[in-house]
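Protein chains: 2
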Amino acid sequence: MSEKNSAKSNIEKMGHGLLKEIREGKNPSVDVPIRALSNIKFNPTTRMIEMGLNKAKRFFFNVAHVRSFVQTMEAAATARELIEMDKHLSLRQVFYRMKRTIPGTEMNIVDEQEESNKAIEDLELIVDSPREKLHINANKNGSVAGKVIIEDHGDTIDWSKLGSGGWSIPSNVEDIKFKKVNAKFIIYMEKAAEWESMHEHRVWEKQDCVIMASQGQATRGVRRLLQRLSLEFNLPVYILVDGDPWGMYIYSVLKYGSISLAHMSESLTIPNAKMLGMTADDVTKYNLKRHIIKFKDIDKSRLKQLKGYDWFKSKEWQTELGKWEKLGGKVELAALTANGISFMAEKYLPDKIKNKDWLD
Amino acid sequence: MSEKNSAKSNIEKMGHGLLKEIREGKNPSVDVPIRALSNIKFNPTTRMIEMGLNKAKRFFFNVAHVRSFVQTMEAAATARELIEMDKHLSLRQVFYRMKRTIPGTEMNIVDEQEESNKAIEDLELIVDSPREKLHINANKNGSVAGKVIIEDHGDTIDWSKLGSGGWSIPSNVEDIKFKKVNAKFIIYMEKAAEWESMHEHRVWEKQDCVIMASQGQATRGVRRLLQRLSLEFNLPVYILVDGDPWGMYIYSVLKYGSISLAHMSESLTIPNAKMLGMTADDVTKYNLKRHIIKFKDIDKSRLKQLKGYDWFKSKEWQTELGKWEKLGGKVELAALTANGISFMAEKYLPDKIKNKDWLD
């Protein structure tokens, strides 16, 4: 609650500041942290992709600024309305909420969703509150099962008693309370298909853990839920992704953050994440060489890009990336099925976890 | 259970038939119903897109047939193994399970997933069992909340007590038992964002219903769950999709089935589905004309295609499609937000349902 109030009071603080400038006959302005690559860096101490301190002043009486200035104010008004009503909207819904004609003109406040998205991102930075706390939700996509009991909106939910489906992870997990956590770690999977297999084999029960999946790049709700569980209960998060540059990038986004959400790193990154698989050594160890799917040019250049990122500069990761270059192709998690229907759940996973066979 | 056994016994029946032909010195063969457009039609009596009775014989000793013959047998062996182990795999995982080198040759049984997919589809037809009963799962994606209590894999799950997330719909809903259904209807939404809004406004509680969403085209698990609830409890299903040809097609697939899954219509279609919105009349009635997004050429030609489909040939639908042609653009459900944050939940939905303002 206090955090919600802080988002609202930060919006109001901004509003009061502007009113003061108007009363004093000044040109109303806001300071917007600069979201360019030049203002983003990997911080080797915190091990997060972070935003620098550079800011730009945006003025109302400035033809180059006025449109985005007004859009940011409209986003602020919408967020304040949402917080007061205690309701949430998606980015798309907020776009339509903001899209109205300015009285006495033929101009819309926003014409394209890109504009409202950008205004919301600016607002996040100006009032130092993630979108979720402004009651603007990201996508919803993901499932969880395991030895955890939560409370959410008055309901007590036992993640170990939800049949074959599991709990559907909401886009916004800020209000969830963890009542009981009997898990020793969390396994995050890139794909729902692997999640269903692991769930059917009751991996979370046998291994005292939580299993979670989104689809492809993890949604913000999933990332935040992983982070909260990991930080609040000191649980390692084991990541399972396909053995290709895109999978490795999913791992790095979960662990270190991303360039586009650098300003959100603090509330999204998971320092305690480990890359469990698919590793290059797994390919030989588990007899998967015959399932290598040759890299396309785009995969090769993506792999080269990863090698250049600061957060992949450790010796361990440079070696790993080199091994994949040598393998020359990707290997999917699903390929483990070639070794048996239960191989991943009953051999691969337990072995890797027992032997601490992961990359950090 | 009995249905599972029937899938397994149908596989075994096919196997015994082949063994008999081999013992009698005949050329082993299976009858595969033909999946071409020529063998598919809209049945105006059942109001389903159905498959005709045309079959083709596929022989083992036939250079043109042998590869797909062997692939179908391998799919059958995998399905039988899965049923016996009481485990499930996804299409991708089954592909890797089937992909092995034939002993004494350098040939793989399958090289691409398209081949294993096709073999599984053939198997579905030959043994007259949907993929789910062969323990081969489709995608998992979707959430549900509402006045229903189910039993699934030993857990009792109350869909009204699952916080903001709801129950995550599994890819396979064949084993679910409905313990208590206090709902008068089901609302199905194309997008998770609308689902979250409706859930936050507790529409299912206020209206005694169930709310369900997938993302875009509904997954098979979602379709089957909708169908089971609708048929077993005689509940109408109200569909909410964006006002464009793609949304209308989603509606028609849910109600009548699709060409590619014509052989599955009986276990997937929902005759009791109504198109609640977005209808062309909604656009004027709810003041959404300013939110029309002009059709692109691809939308226009898709709209024309819909007009030609047998299942859109009713006067009501021809008029509706004509109105959209005249509007010349699409209107998204999210646009309702322009009328207020709670407009969809508190005005649009209750009004439309009360006034039976839908298309059939």
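These protein sequence lines map, in sequence, to chains F and V. Mapping the first sequence onto the working numbering, position 125 (from 1) lands on 125, and the numbers just tick up by one. Mapping the second sequence onto the working numbering, position 170 (from 1) lands on 170, and the numbers just tick up by one. All C-beta atoms, glycine included, are put in the ideal place defined by N, C-alpha and C. Here the structure is a predicted model, which is why all the values come from computation and not from measurement.
Would you check if the distance between the CB atom of residue i and the CB atom of residue j is smaller than 9 Å?
{"i": "V:S252", "j": "V:L306", "result": "yes"}
{"i": "V:L240", "j": "V:L288", "result": "no"}
{"i": "F:L268", "j": "F:R224", "result": "yes"}
{"i": "F:T279", "j": "F:L359", "result": "yes"}
{"i": "V:P170", "j": "F:G165", "result": "yes"}
{"i": "V:D155", "j": "F:G163", "result": "yes"}
{"i": "F:F343", "j": "F:L336", "result": "yes"}
{"i": "V:I136", "j": "V:L91", "result": "yes"}
{"i": "V:E132", "j": "V:E174", "result": "yes"}
{"i": "F:A338", "j": "V:K323", "result": "no"}
{"i": "F:I11", "j": "F:L123", "result": "yes"}
{"i": "V:A7", "j": "V:S168", "result": "no"}
{"i": "V:G142", "j": "V:T219", "result": "yes"}
{"i": "V:K330", "j": "V:D244", "result": "yes"}
{"i": "V:E81", "j": "F:I341", "result": "yes"}
{"i": "F:A273", "j": "F:V237", "result": "yes"}
{"i": "V:E196", "j": "F:K140", "result": "yes"}
{"i": "V:I187", "j": "V:S230", "result": "no"}
{"i": "V:V102", "j": "V:W311", "result": "As written in the sequence, residue 102 of chain V is Ile, which differs from the Val given in the question. No. Outside cutoff."}
{"i": "V:M51", "j": "V:V30", "result": "no"}
{"i": "V:E190", "j": "V:S214", "result": "yes"}
{"i": "F:A262", "j": "F:R58", "result": "no"}
{"i": "F:S68", "j": "F:K118", "result": "yes"}
{"i": "V:A56", "j": "V:L134", "result": "no"}
For residue i, which beta-bridge partners are listed by DSSP?
{"i": "V:G243", "result": "V:V331"}
{"i": "V:F42", "result": "V:I49"}
{"i": "V:Y348", "result": "Answer is none; V:Y348 lacks a bridge partner."}
{"i": "V:D152", "result": "V:D155"}
{"i": "V:R58", "result": "V:V30"}
{"i": "F:L359", "result": "F:M275"}
{"i": "F:S9", "result": "F:S9 is not bridged to any residue."}
{"i": "F:W167", "result": "F:V144 and V:W167"}
{"i": "V:K177", "result": "V:E151"}
{"i": "F:M189", "result": "F:A213 and F:L240"}
{"i": "V:K294", "result": "V:G329"}
Can you tell me which of the options puts its alpha carbon nearest to the alpha carbon of residue i?
{"i": "F:D152", "options": "F:G163, F:N172 and F:Q215", "result": "F:N172"}
{"i": "F:G146", "options": "F:V210, F:K191 and F:R58", "result": "F:V210"}
{"i": "F:A383", "options": "V:E81, V:K184 and V:H88", "result": "Residue 383 of chain F is absent from the model: chain F starts at 1 and stops at 360."}
{"i": "F:K179", "options": "F:M48, F:V148 and F:K41", "result": "F:V148"}
{"i": "V:K206", "options": "V:E115, V:F95, V:K184 and V:E114", "result": "V:K184"}
{"i": "V:K41", "options": "V:E316, V:D299 and V:S265", "result": "V:S265"}
{"i": "F:A138", "options": "F:I150, F:N62, F:Q93 and F:T101", "result": "F:Q93"}
{"i": "F:Q71", "options": "F:I83, F:M107 and F:N54", "result": "F:M107"}
{"i": "F:A77", "options": "F:F95, F:P33, F:V63 and F:E325", "result": "F:F95"}
{"i": "V:L327", "options": "V:L53, V:T284, V:S314 and V:I298", "result": "V:T284"}
{"i": "F:D242", "options": "F:H263, F:R228, F:D208 and F:F295", "result": "F:F295"}
{"i": "F:I176", "options": "F:R228, F:K20 and F:T105", "result": "F:R228"}
{"i": "V:D299", "options": "V:W317, V:A262 and V:G247", "result": "V:G247"}
{"i": "V:R302", "options": "V:R290, V:I250 and V:D351", "result": "V:I250"}
{"i": "V:P44", "options": "V:K118, V:H263, V:Y309 and V:E320", "result": "V:Y309"}
{"i": "F:E84", "options": "F:S9, F:H291 and F:P28", "result": "F:S9"}
{"i": "F:F60", "options": "F:G25, F:E316, F:D86 and F:A192", "result": "F:G25"}
{"i": "V:D357", "options": "V:S314, V:D281 and V:E21", "result": "V:D281"}
Any residues in the region 204-222 of chain V with a beta carbon nearer than 8 Å to a beta carbon of chain F? Which ones, in chain order?
Q215
Could you give the uninterrupted runs of the beta strand (DSSP E) lying entirely in the region 251-279 of chain F, keeping only those of 3 residues or more?
Within the region 251-279 of chain F, the complete beta strand (DSSP E) runs of at least 3 residues are 273-277.
Residues of the region 332-357 of chain F in Cβ contact with chain V at a cutoff of 8 Å, in chain order, please.
E332, A334, A335, L336, T337, A338, I341 and S342
Counting only Cβ-Cβ distances shorter than 7 Å, please list the residues of the region 155-169 of chain V near chain F, keeping chain order.
D155, I157, K161, L162, G163, S164, G165, G166, W167, S168 and I169
Quick one, which residues of the region 96-116 of chain V are near chain F if we go by CB-CB under 8 Å, in chain order?
Correct list: Y96, R97, K99, R100 and T101.
Closer than 7 Å, Cβ to any Cβ of chain V: which residues of the region 277-299 of chain F, in chain order?
H291
Contact list for the region 314-331 of chain F against chain V, Cβ threshold 9 Å:
none
Which ranges would you report for the beta strand (DSSP E) in the region 65-148 of chain F if only whole runs of at least 3 residues count?
143-146
Which residues, taken in chain order from the region 12-33 of chain F, show a beta carbon closer than 8 Å to some beta carbon of chain V?
Taking 8 Å as the Cβ-Cβ cut-off against chain V, none of the residues of the region 12-33 of chain F qualify.
Using a Cβ-Cβ cutoff of 9 Å, what residues of the region 125-144 of chain F are near chain V? List them in chain order.
N137, N139, K140, N141, G142, S143 and V144
Near-chain V residues of the region 54-83 of chain F (beta-carbon distance less than 8 Å), N- to C-terminal order
E81 and L82
Sequence ranges, beta strand (DSSP E) only - wholly within the region 193-229 of chain F, length at least 3
209-213
Between the region 191-205 of chain V and chain F, which residues of the former have CB atoms less than 9 Å from a CB of the latter, in chain order?
Taking 9 Å as the Cβ-Cβ cut-off against chain F, the residues of the region 191-205 of chain V that qualify are K191, A192, A193, E194, W195, E196, S197, H199, E200 and H201.
Tell me which residues of the region 243-268 of chain F have at least one Cβ-Cβ distance to chain V shorter than 8 Å, keeping chain order.
none
Please name the residues in the region 221-241 of chain V whose beta-carbon is closer than 8 Å to at least one beta-carbon of chain F, in chain order.
Taking 8 Å as the Cβ-Cβ cut-off against chain F, none of the residues of the region 221-241 of chain V qualify.
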